[in-house]
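Residue numbers (our numbering), protein chains in the order written: chain B, 1 to 240; chain X, 1001 to 1240.
2 protein chains.
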Amino acid sequence: MKVLIVEDDPLHRSYLHEAVNAALPECDTVIEAENGTVGEKLARDHKSAHIVMDLQMASRNGIEAARTIWKERPETRILFWSNYSDEAYVRGVSRIVPDGAAYGYVLKSASDERLKLALRSIFIESQCVIDREVRGLQQKSLGQTNGFTDSEYEILVDIALGLTDRAIAKRRSLSLRSVQNRLQQLYDKLDVYQTAGDDHEDGRFNLRARAVTIAFLRKLLNYSALERAEAELQEWLDGK
Amino acid sequence: MKVLIVEDDPLHRSYLHEAVNAALPECDTVIEAENGTVGEKLARDHKSAHIVMDLQMASRNGIEAARTIWKERPETRILFWSNYSDEAYVRGVSRIVPDGAAYGYVLKSASDERLKLALRSIFIESQCVIDREVRGLQQKSLGQTNGFTDSEYEILVDIALGLTDRAIAKRRSLSLRSVQNRLQQLYDKLDVYQTAGDDHEDGRFNLRARAVTIAFLRKLLNYSALERAEAELQEWLDGK
DNA sequence: CGCCGTCTTGCGTAAACCCGCAGCTTGTCG
DNA sequence: CGACAAGCTGCGGGTTTACGCAAGACGGCG
């Protein structure tokens, strides 16, 4: 059995290497990649079936890399090992995992035991392992309770990118008014009005900009999500 | 000599611990804190004069912690040890370092040698050590060439927070028109127009929102900067 | 001192945004 | 089938933005 480790940080990389050796005696080869780009290449070259992947890398982040890897070989087992459980990450991962694929999401703050257990569960038993904390987010985010619909999230991303209502309408094939409806919905859910100040007179917020800020502060958005969205946007723009 | 290490990640913490021991034989005690809050407390209790500090920690980030520590004891020597050289961080640090204080900014990607050298330079020689890469940013950001004035940065933050023109005017004691002037200046420098699409007809950007996005993508802003700005804003709001 | 560049402010306008109101289309359920 | 909720759309109008134009204010500099 071969395992591919994709991780920015040398310290974490060697820690992972050791953990893999300790948890998986049946593993005879461990390969390492220091960013997503190299990770993709190595995965392709070695036809890796077992990958441990960091999210948040400089050159090409874990979600991007995982997406192309899964596109080529959907049965690949990937364990995401991340510092954060931002909703943006969780949502990003959920969006790309193929049907029935075995994957995991473990936080770096987890204990050695948990990490090793996850390694065995995913790589040997083909079982999904999601950290409790992450799991919570996932439920909340997918269930509509207090969470955001895909369409709401979509429009959030669109205004975060800085599109006008009209542009959004064109992109999503909606009327102007519908876009604005969704925006209101979003403002509602994000409590933009509440923070907008009790006394309306003094200093109001720009709802659109404020919504993005709040989403950032709540980790609904983060740099990586923005980056991905921006790339998609450019793609769309190019495709006329 | 005592050294205080403030760092989230256990792996990095122990790495730092070793590095300090190796580089500073004259250091007899090393204390560790796993976040900014604890870091502040320990610094106070031990009257620490030598600190190695991570930026980007969950509970209270390095900039916040450093600010209060320097406020209490401005001659404290602090070495910032960070993963990133976002302009937002560099600017944040520059803003809080007291006159004549010795401090350093070294990236985690630097070699062992560089780290050890920096430790000795700062703690023994009281000399500032700024990584070349960070230095570059600093120059660019402070010199006006291609960089942003404080007033431009200020207004960038304000719209990122989601304030209206009117609110910004009130906060910064300016007229509405002046605020808008600065905004135009900002839009200019950020190249909002260029990205706004060559064909004006199709889909334009919302300049205000787009500016914030671009700033994020260029690391002029990041989560930590937003968080700090939001806290300041709340403070201002409370103070009527 | 007069000239000039930078910054501030006011006026006015076209566009974009926020949103209440109301008519339509769907899908679901009894 | 009728009722009802949820989403899309157009209309209308009040507010906010973006920005050209132009009149001061302030600070160097020859």
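Quick reminder that beta carbons are idealized off the backbone N, C-alpha and C, glycines included.
Keep in mind that this is a model prediction, so the values were computed, not measured.
Exposure of residue i, with buried meaning 16 or more beta-carbon neighbours within 10 Å
i, result
"L176 of chain B", "exposed"
"S1173 of chain X", "exposed"
"D246 of chain B", "The requested residue 246 of chain B does not occur in the structure, where chain B is confined to residues 1 to 240."
"W1070 of chain X", "buried"
"R44 of chain B", "exposed"
"A1231 of chain X", "exposed"
"D1199 of chain X", "Unreliable positioning characterises D1199 of chain X in this predicted model, as indicated by a pLDDT of 49, which lies under 50. A coordinate reading is not provided."
"R1095 of chain X", "exposed"
"S247 of chain B", "Residue numbering for chain B in the displayed model covers 1 to 240; residue 247 of chain B lies beyond these limits and cannot be assessed."
"S48 of chain B", "buried"
"T1164 of chain X", "buried"
Beta-carbon spacing of residue i, residue j below 7 Å
i, j, result
"A1102 of chain X", "R1077 of chain X", "yes"
"V1106 of chain X", "L1115 of chain X", "yes"
"V52 of chain B", "I5 of chain B", "yes"
"N61 of chain B", "G39 of chain B", "no"
"A1065 of chain X", "L1161 of chain X", "no"
"H46 of chain B", "V3 of chain B", "no"
"A211 of chain B", "L190 of chain B", "yes"
"F1205 of chain X", "L226 of chain B", "no"
"L156 of chain B", "A23 of chain B", "no"
"I1122 of chain X", "L1079 of chain X", "yes"
"Y1015 of chain X", "L11 of chain B", "yes"
"D281 of chain B", "M57 of chain B", "In the structure as shown, chain B starts at 1 and stops at 240, and residue 281 of chain B therefore has no counterpart that could be examined."
"V1090 of chain X", "V1129 of chain X", "no"
"A1167 of chain X", "V1179 of chain X", "no"
Whole-number beta carbon distance between residue j and residue i, since they are thought to touch under 8 Å
i, j, result
"I159 of chain B", "V192 of chain B", "With 8 Å as the limit, I159 of chain B and V192 of chain B do not qualify as a contact, their Cβ atoms being about 12 Å apart."
"M254 of chain B", "E26 of chain B", "In the structure displayed, chain B extends from 1 to 240; residue 254 of chain B sits before or after that span and is not available."
"S1085 of chain X", "L1137 of chain X", "6 Å"
"I63 of chain B", "G92 of chain B", "5 Å"
"A88 of chain B", "L220 of chain B", "6 Å"
"Y187 of chain B", "L207 of chain B", "5 Å"
"E152 of chain B", "Q127 of chain B", "About 32 Å; that fails the 8 Å criterion."
N- and C-terminal bounds of the beta strand (DSSP E) containing residue i
i, result
"T29 of chain B", "29-33"
"D54 of chain B", "50-54"
"L1107 of chain X", "1103-1107"
"F80 of chain B", "77-82"
"V212 of chain B", "Unbroken run through V212 of chain B is the alpha helix (DSSP H), 207-217; no beta strand (DSSP E)."
"L4 of chain B", "2-6"
Residue i: first and last residue of the uninterrupted alpha helix (DSSP H) it sits in
i, result
"F123 of chain B", "112-123"
"V179 of chain B", "176-190"
"R1013 of chain X", "1010-1023"
"V97 of chain B", "Per DSSP, V97 of chain B belongs to no alpha helix (DSSP H) and is neither H nor E."
"K170 of chain B", "165-172"
"R1067 of chain X", "1062-1072"
"K41 of chain B", "36-46"
"Q234 of chain B", "223-238"
"A1160 of chain X", "1150-1161"
(message) Short of 8 Å Cβ to Cβ, which residues in the segment 149-161 of chain B face chain X?
(response) Answer in chain order: I159, A160, L161.
(message) Closer than 7 Å between beta carbons: that is the criterion. Which residues of the segment 1027-1047 of chain X meet it against chain B?
(response) Across the segment 1027-1047 of chain X, no CB contact with chain B closer than 7 Å is found for any residue.
(request) Would you list, in chain order, the members of the segment 1011-1022 of chain X that have their beta-carbon closer than 8 Å to a beta-carbon of chain B? (result) Taking 8 Å as the Cβ-Cβ cut-off against chain B, the residues of the segment 1011-1022 of chain X that qualify are L1011, H1012, Y1015.
(request) Report the residues of the segment 1123-1136 of chain X with a CB closer than 9 Å to any CB of chain B, ordered along the chain. (result) Among the residues of the segment 1123-1136 of chain X, none has a Cβ less than 9 Å away from any Cβ of chain B.
(request) Residues of the segment 1169-1190 of chain X with a CB closer than 8 Å to any CB of chain B: list them in chain order, please. (result) Residues passing the 8 Å Cβ filter: K1170, R1171.
(request) Using a Cβ-Cβ cut-off of less than 7 Å, list which residues of the segment 201-216 of chain B approach chain X; keep chain order. (result) Under the 7 Å Cβ criterion, the segment 201-216 of chain B contributes G203, R204, F205, N206, R208, A209, R210, V212, T213, F216.
(request) Could you please tell me which residues of the segment 226-238 of chain B, in chain order, have their CB closer than 8 Å to any CB of chain X? (result) Within the segment 226-238 of chain B, the qualifying residues are L226, E227, E230, L237.
(message) Give me the subset of the segment 1066-1086 of chain X whose CB atoms are less than 7 Å from a CB atom of chain B, sorted by chain position.
(response) Those residues of the segment 1066-1086 of chain X placed with their C-beta closer than 7 Å to a C-beta in chain B do not exist.
(request) Report the residues of the segment 1097-1111 of chain X with a CB closer than 8 Å to any CB of chain B, ordered along the chain. (result) Residues K1108.
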